[in-house]
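Enquirer: Residue numbers (the working numbering): 4 to 347.
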């Protein structure tokens, strides 16, 4: 593997490298995030068509509890209904993120919708979501980036997250036999008193006995501004192999890793890359992921730039510019779509 990593990092990827039998098990998706929830029907349809055009067979979308049930007992599923309906009409599988808390369910009311919720109340929300979408969605990701303060406030807490995971798993398994529960996508981070490194987070989950509550682990192996094969210790792409080693050591040798966000921002902001480097990161990363056993589907973040501010990283992750013109990254992803396959 080390030799392969070095070779893939030496040149610009132009065509996918077929290496072994694991490749066709991977699967390709697009992580669209929050913007899909507020789009017009025509714009949403255009973006789902763009997902298909990129060669993807999955989307990753928010089921934002803070919007669905902002006031306790008054549920509005209309935004998520539209996204699910559009995705399914385009033949796409849906990975749903069960995430974000309404004011009345927060354990820390001053922490906004990223505040950790009451576990029992969260479990009821998950039950409601599974009941509503049981025929459209079978894969459920529990929270987004629960290992970092910016998404799990006021501070990430593995014990509390384990309770949320257990409540979610119980709801899914009692209502949808065969439904799959994923540990929420773990962000690149270090153990610094505010955030928790993905490897530490997973080790602690195992120590708490949470293994029966998840079927797969989601991770966000961003490497930018480096290439995925770069040997730097801080390169979060290597969390895929680190977490795989932890899972194997704990006996979870058949559970999959799902890279539920992977990409790189263009633009002029700190740590942004130029468009050609974005293409190299995506092409090289997908090649490496495709040869890893029990990894995938992999979700590219994202389809289209979210805004026009060239200095804002979050505005510039797209494979498409705001006018729907393609960056070089799109061709790299398309070239790998057939090799990655439909996934499971």
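Quick reminder that beta carbons are idealized off the backbone N, C-alpha and C, glycines included. All figures in this text were calculated on a predicted structure; none of them were measured in a lab.
Return the Cβ separation of residue 272 and residue 314 in integer angstroms, given the expectation that the two are a contact with Cβ distance under 8 Å.
Expert: Position 269 of the chain shown, counted from the start, is the residue given in the question as residue 272. Position 311 of the chain shown, counted from the start, is the residue given in the question as residue 314. Yes, residue 272 and residue 314 are in contact; Cβ-Cβ is about 5 Å, under 8 Å.
Enquirer: Is the CB-CB distance between residue 126 and residue 200 below 7 Å?
Expert: Within the chain shown, numbered from 1, the residue matching residue 126 stands at position 123. Within the chain shown, numbered from 1, the residue matching residue 200 stands at position 197. No, the Cβ-Cβ distance between residue 126 and residue 200 is not below 7 Å.
Enquirer: What's the gap between the Cα of residue 107 and the Cα of residue 341?
Expert: Position 104 of the chain shown, counted from the first residue, corresponds to residue 107. Position 338 of the chain shown, counted from the first residue, corresponds to residue 341. If I take the Cα positions, the gap works out to 45 Å.
Enquirer: Distance check for residue 210 and residue 34, CA to CA, integer angstroms please.
Expert: Reading the chain shown from its first residue, position 31 is the one you call residue 34. Reading the chain shown from its first residue, position 207 is the one you call residue 210. Cα to Cα, residue 34 sits roughly 30 Å from residue 210.
Enquirer: I'd like the list of long-range same chain contacts for residue 206, defined as Cβ closer than 7 Å, with 5 residues on each side in sequence excluded.
Expert: Position 203 of the chain shown, counted from the first residue, corresponds to residue 206. Contacts found: 249.
Enquirer: In this structure, does DSSP put residue 286 in helix, strand or coil?
Expert: Taking the chain shown and counting its residues from 1, the one referred to as residue 286 is at position 283. If DSSP states are grouped into helix, strand and coil, residue 286 belongs with the helices.
Enquirer: Check for me: the alpha helix (DSSP H) holding residue 147 runs from which residue to which?
Expert: Locating residue 147 in the chain shown gives position 144, where the first residue counts as 1. From DSSP, residue 147 is part of no alpha helix (DSSP H) but of the beta strand (DSSP E) over 142 to 147.
Enquirer: Using alpha carbons as the reference points, say which of 64, 55 and 82 lies closest to residue 354.
Expert: The structure shown does not extend to residue 354, since the chain is modelled only from 4 through 347, so no value can be given for it.
Enquirer: When you compare the CB positions of residue 245 and residue 280, do they come within less than 7 Å of one another, or not?
Expert: The count along the chain shown starts at 1 and reaches residue 245 at position 242. The count along the chain shown starts at 1 and reaches residue 280 at position 277. No, the pair does not count as a contact, with Cβ atoms beyond the cut-off.
Enquirer: Opposite residue 77 in the DSSP bridges: which residues?
Expert: Taking the chain shown and counting its residues from 1, one reaches residue 77 at position 74. The partner list for residue 77 (beta bridge, DSSP) reads 74.
Enquirer: Considering only their Cβ atoms, is the gap separating residue 101 from residue 66 smaller than 7 Å?
Expert: Numbered from 1 along the chain shown, position 63 holds the residue referred to as residue 66. Numbered from 1 along the chain shown, position 98 holds the residue referred to as residue 101. Their beta carbons are under 7 Å apart, which means residue 66 touches residue 101 by this criterion.
Enquirer: Please report the distance separating the alpha-carbon of residue 294 from that of residue 29.
Expert: Stepping through the chain shown from its first residue, residue 294 is reached at position 291. Stepping through the chain shown from its first residue, residue 29 is reached at position 26. Approximately 9 Å, taken between the alpha carbons.
Enquirer: Is residue 167 helix, strand or coil when you go by DSSP?
Expert: As a working note, residue 167 is residue 164 in the chain shown. Looking at residue 167 - three-state DSSP - the assignment turns out to be helix.
Enquirer: Less than 7 Å between the C-beta atoms of residue 98 and residue 59, yes or no?
Expert: Locating residue 98 in the chain shown gives position 95, counting from the first residue. Locating residue 59 in the chain shown gives position 56, counting from the first residue. No, Cβ-Cβ distance for residue 98 and residue 59 is not below 7 Å.
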